[in-house]
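This report concerns only the one structure given below.
Protein chains: 2
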Amino acid sequence: MTYSARDLAHMPASEVRKIIRDGGWAAPTPGLSLGYAQANMIVLPRDWAWDFLLYATRNPKPCPILDVTEPGDPEPKIIAPGADVRTDIPKYRIWENGVITDEPTDIRPVWRDDLVAFLIGCSFSFENAMLEAGIGIRHIEEGVNVPMYISTIKCVPAGRFSGNMVVSMRPIPHAQVVKAVTCTSRFPSVHGAPVHVGDPAAIGIKDAGRPDFGGAVTIKDGEVPVFWACGVTPQAAVMQSKPPFAITHAPGHMFIADKRDSDYSVL
Amino acid sequence: MTYSARDLAHMPASEVRKIIRDGGWAAPTPGLSLGYAQANMIVLPRDWAWDFLLYATRNPKPCPILDVTEPGDPEPKIIAPGADVRTDIPKYRIWENGVITDEPTDIRPVWRDDLVAFLIGCSFSFENAMLEAGIGIRHIEEGVNVPMYISTIKCVPAGRFSGNMVVSMRPIPHAQVVKAVTCTSRFPSVHGAPVHVGDPAAIGIKDAGRPDFGGAVTIKDGEVPVFWACGVTPQAAVMQSKPPFAITHAPGHMFIADKRDSDYSVL
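Protein chains in written order, with the numbering used here: chain A, 83 to 349; chain B, 83 to 349.
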């Protein structure tokens, strides 16, 4: 059986994960299981895990860690007990030496006893708060994946990891920019407040119409492009640091947790 | 030369660290370098560092990591470039197999090439915000170290580390409890909102007048004891998990960073 986004919008996370696991959904996940937190993922061999956890600790804005699995164990016990990170994400990317070699929908065939999965906060978690504050989300309105860009903002290196920050962009009317800052600030562990407001060129983005990941969206007259740190940042680090083996989610194709968005609000 | 707390209250962090380094201050640090963030510390051998960083990641409320040094390097490059964690804290504790064996004021004689220092947020950072909101801080008023207790709240284990959460307590008048919650919520990386409001027995504290660390303070009629997660929690984990070697700050004797308290406010 296949489903529409509408079918899955108000389903609990555990049911949507089962549908994904059974092959009923292989598309991006914005709008699914509304109210449940979604997470980015990177999987690395144990001997690269210290470097990555340190990289995330030093760069909490793009890489807020929500859960870390035990080596070889695919269950994220803190954010979704009983789930399996090998099957419950709609699409994965396999990386070898910094290059994508496959985009499977199930990673059990390549799973190993030494793999550690890191689940990282996602800005989709504050989009509901923005909508409730009366701020439209353009990529939802236009039915595309959020636009993401590799900025020139450098992350703090850690061990073998270094790279630039990936940012997501939402066009916001001038009059709502302050509200967009304050209402996302309450969610620091899902990227929190924006990292940049305004001119894309100031953070090295030459053409907002050509994102590095996700889809392009319309920026209307009187709107300001606002940029948030993005959990695809580890993928930019993988491109630059070239670990022999890594697995990530495909951008926009997130892990849907049992935690609620509200669990990550500090106020 | 020796100094009074008043002398050091409005001095920049770097100058107070130099005074500490030169032996001019060996007492608790609340009230010194007002506006600068203070940090808890735990130093562990590299082969225990993964377990601890994972423990901190899984328990961000008591163990918010502000900086992690490179093995053997005593400089916390993110929060205080140029500082030396071996000399810049007024008093340390040396731990062997979970037991305190010494309380020196300089750890250079026991420093090793494999040691990693973790600097952890401290609730002193939001005390200024509380004072500005008109909420008195009893331990400052009474000139003692903040009272801290080993609660029955269990931390999430990681590798060889497990233990209960240590909490700090401030008595707050009934009418100001909500304000105390909201104004500290803005500081999630320095422990943020309280973990418990009211009856100490509900989190296993039998006698609020007998703290496990720090000093006792008066709880007046009409006041509620309010408890925050505390960065002494790693010391409870050291007691329980018994690593062969560890160094911590002595409770209340903090590392004073160049970062400002306001750097850790999300709103």
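C-beta: ideal position from N, C-alpha, C; glycine also.
9 Å or more divides the Cβ of residue 152 of chain B from the Cβ of residue 327 of chain B. By DSSP's assignment, residue 250 of chain A forms a beta bridge with A:230 and A:310.
Chain B places a beta carbon closer than 9 Å to that of residue 160 of chain A, counting this residue as a contact. For residue 107 of chain A, the secondary structure class from DSSP, reduced to helix, strand or coil, is coil. Between residue 117 of chain B and chain A, the shortest Cβ-Cβ separation is not below 9 Å.
Secondary structure note for residue 137 of chain A: its alpha helix (DSSP H) is the uninterrupted segment 128-140. In terms of Cα proximity to residue 256 of chain A, the closest of A:95, A:308, A:180 and A:299 is A:308. Per DSSP, residue 335 of chain B is not a residue of any alpha helix (DSSP H), being assigned neither H nor E.
Excluding sequence positions up to five before and after residue 321 of chain A, its CB lies within less than 6 Å of the CB of 180, all in the same chain and listed in chain order. Contact holds between the region 159-177 of chain B and the region 103-111 of chain B, because three or more Cβ pairs, one in each stretch, are under 8 Å apart.
Collapsing the DSSP output to three states places residue 97 of chain B in a helix.
For the pair residue 282 of chain B and residue 251 of chain B, the CB atoms are nearer than the 9 Å cut-off. Between residue 305 of chain A and residue 254 of chain A, the beta carbon gap of about 6 Å places them in contact (Cβ cut-off 8 Å).
According to the DSSP assignment, residue 345 of chain A belongs to no beta strand (DSSP E), since it is labelled neither H nor E. A straight-line Cα-Cα distance of about 16 Å links residue 148 of chain A and residue 117 of chain A. With fewer than 16 other beta carbons inside 10 angstroms of its own, residue 94 of chain A counts as exposed.
Residue 333 of chain B has a beta carbon lying at 9 Å or more from every beta carbon in chain A. Here the alpha carbons of residue 293 of chain B and residue 274 of chain B stand approximately 21 Å from one another.
Per DSSP, residue 201 of chain A is one residue of the beta strand (DSSP E) stretching across 197-203. With the rule of 3 Cβ pairs closer than 8 Å, the region 127-144 of chain A counts as touching the region 129-138 of chain B. Taken atom to atom, the span from the alpha-carbon of residue 261 of chain A to that of residue 215 of chain A is near 8 Å.
Cβ-Cβ separation between residue 249 of chain A and residue 285 of chain A: approximately 7 Å, consistent with a contact (criterion under 8 Å).
Taking the beta carbon of residue 267 of chain B as reference, the chain A residues within 9 Å of it are 268, 348 and 349, listed in sequence order. At a beta-carbon threshold of 8 Å, the residues of chain B lying near residue 132 of chain A are 131, 132 and 135, ordered along the chain. Straight through space, the alpha carbons of residue 120 of chain B and residue 97 of chain B are spaced by roughly 14 Å.
Put simply, the backbone Cα of residue 227 of chain B is about 18 Å away from that of residue 316 of chain B. By the Cβ test, the region 327-339 of chain B is in contact with the region 121-128 of chain B, since at least three Cβ pairs between them sit closer than 8 Å. Taking C-beta atoms under 8 Å as the contact rule, residue 242 of chain B and residue 344 of chain B fail to qualify, at a distance of about 36 Å.
By the rule that beta-carbons nearer than 9 Å mark a contact, residue 202 of chain A does not touch chain B.
Counting the other CB atoms within 10 Å of its CB gives residue 341 of chain B a total of 16 or more, which places it among the buried residues. A direct Cα-Cα distance of roughly 26 Å separates residue 191 of chain A from residue 203 of chain A. In terms of Cα proximity to residue 265 of chain B, the closest of B:99, B:348, B:159 and B:84 is B:348.
In the DSSP assignment, residue 148 of chain A falls within the beta strand (DSSP E) that extends over 147-150.
When the five nearest sequence neighbours on each side are left out, the beta carbons in the same chain lying within less than 6 Å of the beta carbon of residue 295 of chain A are those of 230, 314 and 333, in order along the chain.
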